[in-house]
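Undergrad:
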Amino acid sequence: QSALTQPASVSGSPGQSITISCTGTSSDVSDYNYVSWYQQHPGKAPKLVIYEVSNRPSGVSNRFSGSKSGNTASLTISGLQAEDEADYYCSSYTRSSTSRVFGGGTKLTVL
Amino acid sequence: EVQLVESGGGLVQPGGSLRLSCAASGFTFSSYWMHWVRQAPGKGLVWVSRINNDGSSTTYADSVKGRFTISRDNAKNKNTLYLHMNSLRAEDTAVYYCARDRTKFCSGGNCYSGYAFDLWGQGTMVTVSS
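So the sequence lines, in the order shown, correspond to chains F and D. Residues in the first sequence are numbered consecutively from 177, following the working numbering. Residues in the second sequence are numbered consecutively from 1152, following the working numbering.
1. Identify the contact partners of G280 of chain F in chain D, using a Cβ-Cβ distance below 8 Å as the criterion.
2. At 9 Å on the CB atoms, spell out the chain F contacts of G1160 of chain D, in chain order.
3. Kindly indicate if chain F contains any beta-carbon less than 9 Å away from that of F1268 of chain D.
4. When burial is assigned at 16 or more other CB atoms within 10 Å of the CB, is K220 of chain F buried or exposed?
5. Could you round the C-beta distance between L1196 of chain D and F278 of chain F to whole angstroms and report it? I think they count as a contact, below 8 Å.
6. Between the alpha carbons of D204 of chain F and Q182 of chain F, how many angstroms are there, rounded?
7. Which residue's Cα is closest to the Cα of G1159 of chain D: D:C1249, D:R1253, D:T1254 and D:G1260?
8. Please list, in chain order, the chain D residues whose beta carbon lies closer than 7 Å to that of A221 of chain F.
9. To the nearest angstrom, report how far apart V211 of chain F and G246 of chain F are at their CA atoms.
10. Compare the C-beta of L224 of chain F with all C-beta atoms of chain D and state if any pair is closer than 9 Å.
11. If we ignore side chains and look at the alpha-carbon of each, how far apart do T1244 of chain D and A1212 of chain D end up?
12. Helix, strand or coil: which one does DSSP assign to D1224 of chain D?
13. Counting only Cβ-Cβ distances shorter than 7 Å, please list the residues of the segment 1204 to 1232 of chain D near chain F, keeping chain order.
14. Let me check one thing: in DSSP terms, what residues is G1167 of chain D bridge-paired to?
15. Check whether the Cβ of V205 of chain F lies closer than 9 Å to any Cβ atom in chain D.
16. Which residues in the same chain have their Cβ closer than 7 Å to the Cβ of T1210 of chain D, if we skip the five residues on either side of it in sequence?
17. If we cut at 9 Å on Cβ distances, does R1240 of chain D have a partner in chain F?
18. By the criterion of Cβ-Cβ separation under 7 Å, what are the contact partners of R1189 of chain D in chain F?
19. Can you tell me whether DSSP reads A179 of chain F as helix, strand or coil?
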């Protein structure tokens, strides 16, 4: 089962916006609006920040937004803050037998 | 409080077995699909297994199929998810998280997945080494 493809790292300065991409295939990202994104701080459990491509759970800052075009989903964080520094993972439903797949993760550094 | 608490991790020799537990509280456990996700040291998240709300359907990653078994106890005084792990290998070394699936809706006792993990436990470490 191949993972979704994410950049290993991205960085930005406080106040700026960054975008993290998540590339899949026609078996997952392209054909289904079930892409979700997770934030993980070191030593902590992941936290859901976006579901169904662009929906934010209650309590998640509106600085987090999601979108999708073709087989690539994206997470955008605007107005970067120091607390946003973390690892971010995308996930998607896949019609393969396993049904769920994660991206390899992206380390966000706030300069 | 809505939470998931894993237990059962530890050091086990290659070829050995271990049973992980995940105690759920603060929500109607029987209405949610549940998952196990693992993370090897310094690596990314990897989905392991899932079970539907009433335990009648399960799915596994190819890497654990035939060795791991997911199950659940929906009794009110249990509300617990399990992962039975057999024939453990060094590459199974990881933090194991249980995660709740975001329910889309329920109808007639069947609940349907929202395909996102909306609640996570703190994780339990499994180390496979001689």
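Backbone N, C-alpha and C fix where the C-beta goes; we use that ideal spot for every residue, glycine too. In this text the structure is predicted, and so the values were computed from the model without any measurement.
TA: This is what the structure holds:
1. G1195
2. Here the premise fails: no neighbours, minimum Cβ distance about 14 Å.
3. yes
4. exposed
5. 5 Å
6. 14 Å
7. D:C1249
8. Y1248, W1271, G1272, Q1273 and G1274
9. 12 Å
10. yes
11. 15 Å
12. strand
13. T1210, A1212 and D1213
14. G1167 of chain D is not bridged to any residue.
15. no
16. S1200 and R1201
17. no
18. What R1189 of chain D touches in chain F: nothing, since even the nearest Cβ is about 10 Å away.
19. coil
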